[in-house]
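Before any comments, here is the structure.
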Amino acid sequence: MDLLKRLRAICGPGHVSDVLADRMCYRRDCGPTPGGVPDIVTRPESTAEVVAIIKAANEARKPIFIWGRATTFVDFGVKEGCIVLALDLMNRILEIDLENQVVTAETGAIWHAVDSELNRLGWEMTVPGGGGMFSCTIGGTVAYNAVPHGITEYGITGGHVVSLEVVLPDGTVIRTGSASNTDAPLNIERGANGTDLAGLFIGSCGTLGVITEVTMRIHRVPECERFLFYAFDNVDDCVDAASAIQSQQAATFLVGLFGGPKPAGVEGEAFLHTIIRDNTAEADRRVRAARICCETFRGRPQDPEGTRRYWTEHMYSWLRNTTASAYYGSRPYYCPEVAGFITTQALKEAIPALHEYVATNADFARTGMRIKGFDVYFSPNAAYLWVDTLYPEFSAEAKEVGLRVRAEIAELLFSRWMSPGGIVAGIAPYIMHRLGTAFELLKTLKAVLDPNSILNPGVLGLGGDND
């Protein structure tokens with residue numbers, strides 16, 4: 198039986214296609230890498246079907262590229278001639294366990310859809326999800342270990358995973374944490390049973406296994422939400438205010454704006470948005486603490502309506518008191534991102550260095566490039582600096598410049614201050630060699646688990662095509 202017939206026998210003919218029009222739809226995510234055309238698109242509905250597809254690919258020595266919903270700008274181009282393993286049909290919520298405060302869902306469940314079902318019961322996942330929460334999948338978000346909203350209090354996505362079901366590159370199915378006890382398979386504790394195997398797959402971008410089920414922690418929806426917005430005349434004051442808020446644990450989510458379009462109608466050079474979620478008495482206390490921190494460092498209070506709309510309407514541009522036109526205007530743009538963790542105080546050096554780089558780069562004005570933002574999600578003790586440079590999609594020269602700019606900014610930041618959050622294809626060449634023996638260990642694990650380099654070959658530089 199040839200491979201196409203075998204895959205159709207596994208998934209059913211309606212869930213496998215080699216039609217060019219279908220295959221063209223699975224070339225890339227929202228990032229700038231064009232991607233190749235896959236040979237076959239498969240859409241399994243169960244873990245058993247994923248297992249069978251992986252075994253068939255191994256026998257045919259045919260690479261698989263894993264597809265959630267391709268919602269991010271992480272620069273992932275599918276390789277020519279591969280099998281696409283699209284997981285969007287594996288989208289069921291399997292269990293809401295209020296007693297043990299966890300939810301279990303299949304990998305293709307949309308983040309916000311899961312949260313919406315929990316909201317009906319007065320609960321929510323303990324991490325609010327990434328920027329694509331209305332379209333991103335649970336499995337994809339965990340595989341990338343996305344830096345989410347609410348990071349200041351809640352931390353990043355991976356810290357809230359209780360257990361995973363994963364299909365290894367040879368088709369073996371494993372469960373992690375307490376769920377791996379076959380005589381008492383309970384999704385209650387990630388740290389059970391020795392080595393933290395869940396951590397091996399969180400952030401691995403599908404290179405070491407296919408995540409098929411995820412169990413996440415949940416908690417009750419907080420009683421109230423409060424919003425603050427402050428403007429500062431210089432970067433240093435804004436950074437010191439943010440550092441003080443971190444030390445007081447006053448914010449659920451603290452967002453700093455240090456470049457790109459300034460918030461409409463607001464004077465200043467740097468800006469802080471603060472979201473606080475808690476019971477009423479504690480929220481009021483935290484509001485007072487955040488105000489003192491900002492005003493001690495000469496922050497000026499502003500109308501927080503944009504902050505509220507950003508949080509409740511989930512449109513990022515409201516942080517700048519405007520619609521999305523502040524970023525993209527009337528032309529389609531791509532944004533090759535560079536992002537990562539940096540100490541809070543190091544922002545005082547990194548932000549001016551970024552502004553200087555842009556000011557001395559004549560290619561920006563010449564090719565119509567823009568700065569979407571030098572924006573920061575503050576974590577409990579550090580800063581996740583998110584650098585977006587936009588270039589016009591239809592200009593080949595601007596694209597060439599944009600990708601070169603990404604490379605130069607990555608070198609500037611990673612060589613002095615920063616380690617990335619999720620490591621993705623676009624920035625892997627600039628960080629993986631800096632990981633030293635940790636990188637060597639990752640390559641060894643890839644070679645042992647996936648000797649045929651079936652899963653996402655070349656991604657993260659862990660072996661396979663283009664390495």
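Just so you know, our numbering puts the end of the sequence shown at 664, numbered straight through with nothing missing. From the three backbone atoms N, C-alpha and C, an ideal C-beta is built for every residue, glycine too. The structure displayed is predicted, hence computed values, not measured ones.
Residue i versus residue j: straight-line alpha-carbon distance, rounded
i	j	result
Pro-589	Val-463	28 Å
Val-411	Thr-564	44 Å
Val-299	Glu-242	23 Å
Ala-607	Leu-632	15 Å
Arg-258	Cys-208	19 Å
Asp-664	Ile-348	With a pLDDT of 47 at Asp-664, under the threshold of 50, the modelled position of that residue is not reliable, and the figure given next carries that caveat. Roughly 33 Å between the two C-alpha positions.
Asp-367	Leu-405	10 Å
Val-656	His-552	31 Å
Leu-451	Gly-352	12 Å
Trp-515	Pro-325	18 Å
Gly-618	Phe-262	22 Å
Arg-225	Glu-246	23 Å
Asp-434	Gln-445	17 Å
Ser-214	Ser-332	23 Å
Gln-542	Lys-643	36 Å
Ala-218	Phe-636	38 Å
Leu-361	His-416	19 Å
Glu-466	Glu-502	19 Å
Closer than 8 Å to chain D by CB, residue i
i	result
Ile-251	Absent from the structure: chain D. Only one protein chain is present.
Under 8 Å between C-beta atoms of residue i and residue j
i	j	result
Arg-517	Pro-460	yes
Ile-473	Trp-508	no
Tyr-574	Val-344	yes
Ala-447	Ala-487	yes
Ala-441	Thr-369	no
Ala-554	Leu-609	In the sequence on display, residue 554 carries Tyr and not Ala. Closer than 8 Å, so yes.
Met-322	His-346	no
N- and C-terminal bounds of the beta strand (DSSP E) containing residue i
i	result
Ile-371	370-372
Phe-538	534-539
Tyr-581	580-589
Val-238	237-239
Beta-bridge partners of residue i, as assigned by DSSP
i	result
Phe-262	Val-281
Val-666	Residue 666 is absent from the model: the chain starts at 198 and stops at 664.
Glu-422	Arg-474
Val-452	His-470 and Tyr-574
Arg-497	Ala-428
Val-363	Ile-371 and Ile-408
Thr-520	Thr-520 is not bridged to any residue.
Range of the contiguous alpha helix (DSSP H) that encloses residue i
i	result
Tyr-554	544-556
Lys-643	634-646
Trp-320	Careful: Trp-320 lies outside any alpha helix (DSSP H), inside the beta strand (DSSP E) at 320-322.
Glu-256	244-257
Glu-464	Here Glu-464 belongs to no alpha helix (DSSP H), and DSSP marks it neither H nor E.
Pro-626	625-628
Asn-384	Taken as a continuous stretch (DSSP letters only), Asn-384 belongs to no alpha helix (DSSP H), as it is neither H nor E.
Legend entry - the region 537-549 touching the region 412-426, judged by at least three CB pairs closer than 8 Å: Counting Cβ pairs under 8 Å, fewer than three are found: no touch.
Inset, instruction - Report yes or no: do the region 302-317 and the region 333-342 share at least 3 C-beta pairs separated by less than 8 Å? - result: Touching, yes.
Legend entry - Inter-stretch contact at 8 Å, needing at least 3 Cβ pairs: the region 626-644 / the region 373-384: Put simply, the region 626-644 does not touch the region 373-384. Fewer than three CB pairs are less than 8 Å apart.
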